[in-house]
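Here's the structure, in structure tokens; my notes come after.
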Amino acid sequence: MTRPQQLDTYVVEQRAEYEALLGRMVEIPSISMDPARANDMRRMADLAAQVLTDMGAESRIVETGGYPIVAGGWTAGAQYPTVTIYNHLDVQPAQEPEWQQQPFVFKNEGGIYRGRGATDDKGPALAVLFGARYAIDQGVPINIRFLWELEEEIGSPHFAAGLKQRDHISCPDSVVISDTIWIDKGRPAMPYGLRGLIGARLTLRTGSKDAHSGVTGGAARNPLAELMEVAHACVDAKTGEVKIPGFYKDVVKPTKEELKSFLKSGFQVKRFKEAYGLQSLRTEDPAEVTRRIWAAPTFEIHGLTGGYHGPGLKTIVPGHGDHGGKAFLDAQAASLAKLANLANRVEAGEMTLDEAVAEHPFPEHPPEDARRGFEQALYQIRGELGTLGLDP
């Protein structure tokens, strides 16, 4: 039996166990941004550690001051290189009206797995774990370690503190982030860069309560209108161009080879729109779409709140408003400062700018030996080369 045939047999034999474990993980609502789910977060950590142990790996729950990190893996020998594989086991809330099932009830529909976290990122975490166990069982000369985080969806506020615990989390020779996607399920991809992000909430209060617009309108300041003016000063809504001075100064532009690899990835504009329910895009050119979503910084407004949200029309001037936004930046701190300066242009009123998330970009090119190893491994197993690229 050839090596690819052996691997295919292993996948078939392990599928039932994989699906059972994935179902258990998905049905724990590990929503890190919801304080009411603290007990579920601990349940998720306990189950993850148990899964590692049951697989024959070492496991440890590392406390961080927030939600813990689950660490573990296999040590084949001190003389061998060590790779650490990162995944996260926390998820976003599941309040979208598009859900056609209970989001924390796992469903297997002919090999399509449904449930919050099935693809981001519990399914990939388990898939890598099963793959690693196979590699260890086959005697591959490598040490494989795992880091499973429980705060990724809230900006990893305690992750750095956990990594400093060197007695529990050692420094590897290389790191693989298993929280990315294949554009085409039949064509493997190796994302090797991250755009980073900054998330902030801007709040403006101009009154102590909502006021009747028929009595105060025209004289009273409208905080929602003023916040929209700030948003307009930050980004051109039609083109997507960011208007914050200096925003693009330190952006690392993709190379010609990278742009070519984007087009070779299997990306299709039509399928992209269908997958995300997008009726129209700012551009339909595949090269420009992939450049924008994989290799260029953006400024996005995620919400605008304030005023009346009930049925019908209520004639008020709201007393406050806020909106949150994430900027995928290369010039991180400088751009946040420029956003703050723009916010300060809104005249007198109680203005606050809260920085919720700040994550550095990683626009690095993969080492040549890593790239060749990736391609050779895929060629041996699948008889084809993969695709290199950047990831949001």
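This note's numbering runs 145 ahead of the 1-based position in the sequence shown. Positions of the beta carbon are idealized from the N, C-alpha and C atoms, including for glycine.
Check, Outcome
"Just curious, the alpha helix (DSSP H) that GLY268 is in, first and last residue?", "267-282"
"Identify whether ALA364 lies in helix, strand or coil by the three-state DSSP scheme.", "coil"
"Is it buried or exposed for GLU243, if we count other Cβ within 10 angstroms and need 16 for buried?", "exposed"
"Given that a residue counts as buried once 16 or more other Cβ atoms are within 10 Å of its Cβ, and exposed if not, what is ASN367?", "buried"
"Is it the case that the Cβ atoms of VAL387 and VAL397 are separated by a distance below 9 Å?", "no"
"Run through DSSP, which three-state label would GLU419 get?", "helix"
"Would LYS459 be called buried (16 or more neighbouring beta carbons within 10 Å of its own) or exposed?", "exposed"
"Compute the beta-carbon to beta-carbon distance between ALA306 and THR209, rounded to the nearest angstrom, for a pair I have assumed lies under 8 Å.", "5 Å"
"Would you call the region 218-237 and the region 185-201 touching, i.e. three or more CB-CB distances under 8 Å?", "yes"
"Give me, in chain order, the residues of the same chain whose beta-carbon lies closer than 6 Å to that of GLY518; leave out the 5 immediate sequence neighbours on both sides.", "none"
"Can you give the beta carbon distance from LEU295 to TYR231, rounded, assuming they're within the 8 Å contact cut?", "Not a contact, Cβ separation roughly 12 Å."
"Check each candidate in THR325, LEU372, GLY464 and name the one with the smallest Cα separation from PRO333.", "THR325"
"Can you name the start and end residues of the beta strand (DSSP E) that SER128 belongs to?", "As displayed, the chain neither begins before 146 nor continues past 537, which places residue 128 out of reach and without an answer."
"Roughly how many angstroms separate the alpha carbons of GLN413 and TYR337, rounded to a whole number?", "21 Å"
"Under a Cβ-count criterion, where at least 16 other Cβ atoms within 10 Å of its own Cβ denotes burial, should GLU162 be classed as buried or exposed?", "exposed"
"Around the C-beta of ALA472, are 16 or more other C-beta atoms found within 10 angstroms, so that it is buried, or is it exposed?", "Because ALA472 carries a pLDDT of 37, less than 50, the predicted location of this residue cannot be relied on, and the following value inherits that uncertainty. ALA472 is buried by the Cβ-count criterion."
"Can you tell me whether GLY338 is helix, strand or coil according to DSSP?", "strand"
"Name the one or two DSSP bridge partners that THR229 has.", "ARG290, VAL320"
"Among the candidates ALA356, GLU374, MET178, whose CA atom is the shortest distance from the CA of GLU298?", "MET178"
"Throw me the rounded Cβ distance for the VAL434 and THR428 pair, which I believe falls under 8 Å.", "6 Å"
"Under 8 Å Cβ to Cβ from LEU369, same chain only, skipping five residues before and after it: list those, please.", "LEU449, GLY451, GLY452, PRO463, GLY466"
"Below 6 Å CB to CB, which residues in the same chain sit around ALA280 once its five sequence neighbours on both sides are set aside?", "none"
"On the three-state DSSP scale, how would you describe ASP329?", "strand"
"Quick one: grab the DSSP three-state call for ALA285.", "What sits at residue 285 in the sequence shown is Val, not Ala. Three-state DSSP puts VAL285 in coil, outside helix and strand."
"In terms of alpha-carbon separation, which member of ILE328, PHE291, ILE461 lies closest to LYS354?", "ILE461"
"Name the residue from ASN184, PHE291, ALA193 whose alpha carbon lies nearest to the alpha carbon of THR227.", "PHE291"
"Leaving out five residues before and five after GLN151 in sequence, what residues of the same chain have Cβ atoms less than 6 Å from its Cβ?", "none"
"Of the residues ARG437, GLY256, LEU523, which one's Cα is nearest the Cα of THR384?", "ARG437"
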